[in-house]
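Visitor:
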């Protein structure tokens, strides 16, 4: 059944059914997928979703500021800050002052942080591949294209794109 929005007689209240409301469904999907992968790195290394996102971003780009990590991972600055503090305390991330702007620092993975990242990347890639296992190549291509288009449109609606 499709979500009903403003249809029917004049003055009738619009009704929204969460089960068919695309933003809700995308959020449920993202949560389920994120929690499935989170179980793996929580069991192996005792890190949570924000910590993994910081590590994954640093693993991909090398050295970034917390602001850059937040922008790339779409995490709020307080969540990034807490994750960085936890990772620093565990010796997985190091901070280096930005001499051009002393209000911020460059963050990077330490050797132990890099080892965890290197161990988890193949696991994360296998997990991602298993999600689309039942899809054809054409469906995977279409899904990738649609996710890209929806993300771009969402950013436009936010005024970020």
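Residue numbers (this note's numbering): 150 to 310.
The beta carbon of each residue, even a glycine, is placed where N, CA and C say it ideally should be.
How long is the line joining the alpha carbons of residue 190 and residue 163, rounded to whole angstroms?
Guide: Between residue 190 and residue 163, the C-alpha separation is close to 42 Å.
Visitor: Grouping DSSP H, G and I as helix and E and B as strand, with all else coil, what is residue 163?
Guide: DSSP places residue 163 in coil when its eight states are reduced to three.
Visitor: With distances taken Cα to Cα, identify the nearest neighbour of residue 172 among 299, 251, 195.
Guide: The option with the nearest alpha carbon to residue 172 is 299.
Visitor: My parser needs the beta strand (DSSP E) runs of 3 or more residues fully inside the region 237–273; what are they?
Guide: Taking only runs of at least 3 residues, the beta strand (DSSP E) segments lying wholly in the region 237–273 are 242–246, 254–258.
Visitor: Count the other C-beta atoms from every protein chain shown that fall within 10 angstroms of the C-beta of residue 192, then say buried if there are 16 or more, exposed otherwise.
Guide: Exposed, since its Cβ has fewer than 16 Cβ neighbours within 10 Å.
Visitor: Mind checking who residue 213 pairs with in its DSSP beta bridge?
Guide: DSSP output for residue 213 lists 256 as bridge partner(s).
Visitor: Using a Cβ-Cβ cutoff of less than 7 Å, which residues in the same chain neighbour residue 259 once the five nearest sequence positions on both sides are dropped?
Guide: Only 240, 241, 242, 243 meet the Cβ criterion.
Visitor: With DSSP collapsed to three states, give me the class of residue 235.
Guide: In this structure, residue 235 counts as helix in the three-state DSSP scheme.
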